[in-house]
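As structure tokens, the structure follows; a few thoughts come after it.
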Amino acid sequence: MIYDKQNKVAEHKRMLDKKDKRRTLPGHHPPLNRKTSIKEPCKEEVLLTGKNEILDLYIINLKEISRGRGVLNLRRLLNLQRSYPEEPFIAGIKTAQQYGLYDLTRVEKIILKNVAGDFFEL
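Residues 2 to 123 (this note's numbering) make up the sequence shown, in order.
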């Protein structure tokens, strides 16, 4: 005997022709649906977009090559935007977009080079 959610006994018809066969009625178990896909943009994308056309294009391309919705990469890009001045940041994004560069560590090096210029060269 099997108990369902209301603690009532559920009875199944026996399957005599097959040995050790499991039979499950669909009404006894909740559906195994995955979460519905999220259609709206993440908060990082909302904070990044709409300010600069080059940055918007870079975000679209970055999301295409990222896993899932690309939230981790967008979060890292938002952190870069908050950490560095606007002009060197946009210049670095423009250079990265020009060369198809989406490795954000290398993009950060480009931004740092734009910020410091020849300061670190000895």
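The beta carbon of each residue, even a glycine, is placed where N, CA and C say it ideally should be.
Bear in mind the structure is a predicted one, so any value in this text is a computation, not a measurement.
Self-check item: Extent of the continuous alpha helix (DSSP H) run through S84
Solution: DSSP places S84 inside the alpha helix (DSSP H), whose first and last residues are 72-84.
Exercise. Would you identify the three-state DSSP class for E88, choosing helix, strand or coil?
Key: helix
Quiz item: Which same chain residues, not among the five before or five after E45, have their C-beta less than 6 Å away from its C-beta?
Solution: Excluding five sequence positions before and after E45, the CB atoms of its chain that fall closer than 6 Å to its own CB belong to L75, R76, L79, given in chain order.
Quiz item: Given 8 Å as the limit, is there contact between the segment 59-70 and the segment 96-111, that is, 3 or more CB pairs closer than that?
Solution: The segment 59-70 vs the segment 96-111: in contact.
Quiz item: Under a three-way DSSP split, which group does Y103 fall into?
Solution: coil
Exercise. Identify whether K110 lies in helix, strand or coil by the three-state DSSP scheme.
Key: K110 falls in the helix class under three-state DSSP.
Exercise. Within the same chain, show all residues whose beta-carbon is closer than 7 Å to that of E109, passing over the 5 residues directly before and after it, in chain order.
Key: So the qualifying residues of the chain are L81.
Quiz item: In or out: L49 buried (at least 16 other Cβ within 10 Å) or exposed?
Solution: buried
Exercise. Quick one: grab the DSSP three-state call for I39.
Key: Coil, per DSSP.
Exercise. Using only alpha-carbon positions, find the residue among Y103, D21, A117, K114 that is nearest to R68.
Key: Looking at the Cα atoms, Y103 is the closest of the given residues.
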